[in-house]
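K.L.:
Residue numbers (this note's numbering): 760 to 930.
Structure follows, in structure tokens:
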């Protein structure tokens with residue numbers, strides 16, 4: 760038991776960015792139903808930070824969000840993303856890591872339907888605080904629903920809180 764705990768601690772130390780705090784926990788054999796949730800080893804002071812983690816939506820074709828007219832690409836260090844099978848994707852973003860990411864100029868001519876734009880990091884922190892206020896540490900559940908008649912799979916997203924916008928679901 761002690762050996763396993765040491766291995767987990769060593770593995771956590773080698774992780775970088777949001778990977779130190781969040782993980783994707785698979786719930787079925789196909790790997791398409793899962794939770795994006797905090798790791799068991801995530802320190803309490805990080806989990807209790809009400810303005811650090813935020814759930815955002817973004818356009819599949821963008822793979823970034825816009826803050827103060829600058830593009831910040833969502834990568835494995837600053838976010839954990841849900842499926843890429845739909846146009847409007849969902850991600851949990853570590854705002855501390857996102858601030859440290861490289862920013863690129865943004866032009867509206869490159870906007871897509873679900874491009875997420877924010878005035879400032881303060882706005883993102885306010886959104887994070889509202890999400891935290893509703894249900895604590897944010898998490899997202901992705902549920903895959905298989906239709907045997909059409910042999911297709913659709914996805915439903917269940918964030919840990921209700922958003923001001925329409926719920927995210929797709930076929």
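All C-beta atoms, glycine included, are put in the ideal place defined by N, C-alpha and C.
Which residue's Cα is closest to the Cα of residue 846: 774, 881, 913 and 773?
P.N.:
913
K.L.:
In the structure shown, what three-state DSSP assignment does residue 786 receive?
P.N.:
coil
K.L.:
Can you tell me where the beta strand (DSSP E) with residue 829 in it begins and where it stops?
P.N.:
829 to 832
K.L.:
Are the CB atoms of residue 777 and residue 823 nearer to each other than 9 Å?
P.N.:
no
K.L.:
Residue 779 and residue 794 - do their beta-carbons sit closer together than 9 Å?
P.N.:
No, they are not a contact pair.
K.L.:
When the Cα of residue 833 is compared with those of 844, 786 and 815, which residue comes out closest?
P.N.:
815
K.L.:
Span of the alpha helix (DSSP H) holding residue 805?
P.N.:
803 to 806
K.L.:
Inspect the beta-carbon positions of residue 857 and residue 838 and report whether they are closer than 9 Å.
P.N.:
yes
K.L.:
Any idea what DSSP makes of residue 862, helix, strand or coil?
P.N.:
strand
K.L.:
Cβ of residue 903 within 9 Å of Cβ of residue 773?
P.N.:
no
K.L.:
Report the partner residues of residue 850 according to the DSSP bridge assignment.
P.N.:
As DSSP reads the structure, residue 850 sits in a beta bridge with 815 and 840.
K.L.:
Within a Cβ cutoff of 7 Å, which residues of the same chain sit near residue 890, ignoring the five residues on either side of it in sequence?
P.N.:
Excluding sequence positions up to five before and after residue 890, its CB lies within less than 7 Å of the CB of 813, 814, 897 and 920, all in the same chain and listed in chain order.
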